[in-house]
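Novice: This structure is in structure tokens; I'll ask about it shortly.
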Amino acid sequence: MFGVAPLAALVFNILVIREIRTLTTRGPASVHGPGSGPVAGQNQASTSTLLYVSFYLICTWLPATLVYSLEREFPMQHPNHYTYYTVRKICEEVTISNSACYFFIYYVTGKALQRQCQAVAVSRRFLSVQEQEQQ
């Protein structure tokens with residue numbers, strides 16, 4: 007059952023991508039016609055971000071799924087149990103990185119997030135310079 011989650015995420019994301027394309031080429035979001043204008047650019051950026059996030063999710067969940075499914079093959083008495091346990095812990099750490107690395111994926115693929123982060127950095131730098139001048 008645990009192995010169904012990565013594959014279900016892939017299937018749902020493919021369906022969402024298809025729906026985004028349908029809406030932006032033929033639906034109410036199609037302001038400038040099919041495949042052109044700012045809506046098409048946003049569509050492409052959203053689609054690539056969604057693909058990166060979903061494939062990263064699958065790549066981080068799949069090893070944990072495989073290791074979890076092998077747990078019964080390596081009981082405590084098995085000579086390779088400690089090797090299995092080490093691999094399991096490494097896979098768990100990679101799986102945990104899934105949530106932590108989403109920010110970096112969104113930052114690399116999203117121009118709006120890049121602009122907001124730069125604006126925050128500039129405003130903080132400006133505020134710290136003002137505080138130093140006041141002291």
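Okay, so the sequence shown: first residue is 7 according to the numbering used here, each after it adds one. No residue lacks a Cβ here, since even glycine has one placed at the ideal position from N, Cα and C.
Would you call Gly41 buried or exposed, if buried means 16 or more other Cβ atoms sit within 10 Å of its Cβ?
Specialist: Residue confidence for Gly41 is low, a pLDDT of 49 falling below 50, so the modelled location carries little weight; the figure read from the coordinates is stated next. So Gly41 ends up on the exposed side.
Novice: Can you tell me whether Ala70 is buried or exposed, with buried defined as 16 or more other CB within 10 angstroms of its CB?
Specialist: buried
Novice: One question on the structure: do Leu16 and Ser60 come within less than 8 Å of each other, judged by their Cβ atoms?
Specialist: yes
Novice: Quick check: what's the CA-CA separation for Ala11 versus Gln140?
Specialist: Spanning the two alpha carbons is a distance of roughly 55 Å.
Novice: I'd like the ranges of any alpha helix (DSSP H) spanning at least 4 consecutive residues and lying wholly in the segment 84-124.
Specialist: 87-115
Novice: Verify whether the separation of the beta carbon atoms of Ile26 and Thr66 is less than 8 Å.
Specialist: no
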